[in-house]
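In this note's numbering, the protein residues as written are 24 to 285.
Built from N, CA and C at the ideal position, the CB exists for glycine as well.
Quick caveat, the model's predicted, so the values are computed rather than measured.
Here the structure is laid out as C-alpha cells; the discussion comes afterwards.
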C-alpha cells in the first residue's frame, strides 16, 4: 500500500473518530406521565423538584442505563398526551412506559424489548354478575360497557366495543365501576394490587377475570425520531435493557418495590 493510500485511510479514521465523538449524547429529557403506575412509576413524598421526585421500577431502569453511559437526564412530568406531543416535536427525547401502536411509530422509535409487562384484567362488581362472567373475545364484550383510563392505548379493540375512557385516575375508574357506570374496568393487575395494598383504592365487592383480547400489555421506551442522535440513544437503551434482563436486575427491582408495600 502506497504512502498516499495510507494517509487517506488515516485521515478517514480521524474523521470517523471525530464524527463519533461529536455524536456522543450528553443529556436527554425524559417525559414521565402524571398518571402514575405504582410500582413502575411513582413520586417520592417531600421532594420539591421533578428531577428528584420520580421513582419506581421503570424510573430506576432508565436512570441506571443513562448513568452507566454517562448521560445526564432531566425528568419532566406532564399529562400523557403532552408527553406524546412533545416527543413528536423532538422537544422531549424519550418517553418510557409506552405501548406500541402505528400512530406513535410514525414519530418515534421503540426499544426492541419492553421495560416491563403487566397482566391486563377486567374488574367487575360481584353483585352485577350471579356467576363469574365468561369473556373469550371481543364478541363477548360487545354486549357490555367497558371502562378505561384516559390516554391508554385500546387500539386492540378496533373500536368494536362501547367504552367509557374518561377516567382521569384509577380511583375515579373504580368509583365509576362501583356505581354502575360500566360493567367492566380494564386495568393492570400489578398496578391495582399495589394501590390496594397501600389503601389508595378498595377492591371490596370486586373480582376480576383475564382480558383475553389482550392478556398482557408490554411497555417500552419511545425515542423521538426528531431528537438529536435518536438512533444512538435507542441503541444505548436497547443494550442496557438487554443487559438488565440477562442478569435478572429488572425482576429484582420489581421484587424490591413489592417488598416495600408490605
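Item: Since residue 217 is in the alpha helix (DSSP H), which residue starts that stretch and which ends it?; Value: 212 to 220
Item: Taking the straight line between their C-alpha atoms, what separation do you get for residue 57 and residue 160?; Value: 31 Å
Item: Enumerate, from N- to C-terminal direction, the unbroken alpha helix (DSSP H) stretches of 4 or more residues contained entirely within the stretch 48 to 116.; Value: 73 to 76, 80 to 91 and 103 to 112
Item: Cα separation between residue 45 and residue 132?; Value: Confidence in residue 45 is poor, its pLDDT being 42 and thus under 50, which makes the residue's placement unreliable; the coordinate value appears in the next sentence. Residue 45 and residue 132: Cα-Cα distance of roughly 22 Å.
Item: When DSSP labels each residue in this structure, what does residue 282 get in the three-state scheme?; Value: helix
Item: Going by DSSP in three states, residue 134 sits in which element: helix, strand or coil?; Value: coil
Item: Can you pull the DSSP bridge partners for residue 147?; Value: 230
Item: Roughly how many angstroms lie between the CA atoms of residue 225 and residue 215, to the nearest whole one?; Value: 9 Å
Item: Please list, in chain order, all residues of the same chain as residue 237 whose beta carbon is under 8 Å from its beta carbon, the five residues on each side excluded.; Value: 143 and 179
Item: May I have the straight-line CA-CA distance separating residue 261 from residue 150, to the nearest angstrom?; Value: 46 Å
Item: Could you check what DSSP says for residue 183 in three-state terms: helix, strand or coil?; Value: coil
Item: Rounded to whole angstroms, what is the Cα-Cα separation between residue 229 and residue 134?; Value: 36 Å
Item: In angstroms, rounded to a whole number, what distance separates the CA positions of residue 208 and residue 49?; Value: 42 Å
Item: To which residues of the same chain is residue 212 closer than 6 Å at the C-beta, ignoring the five residues directly before and after it?; Value: 142 and 144
Item: According to DSSP, is residue 258 helix, strand or coil?; Value: helix
Item: State the CB to CB distance for the pair residue 164 and residue 184, rounded to an integer number of angstroms; the pair is presumed to be in contact (CB under 8 Å).; Value: 5 Å
Item: Residue 22 to residue 177, Cα distance in whole Å?; Value: Outside the modelled stretch of the chain, which goes from 24 to 285, sits residue 22, for which no answer is possible.
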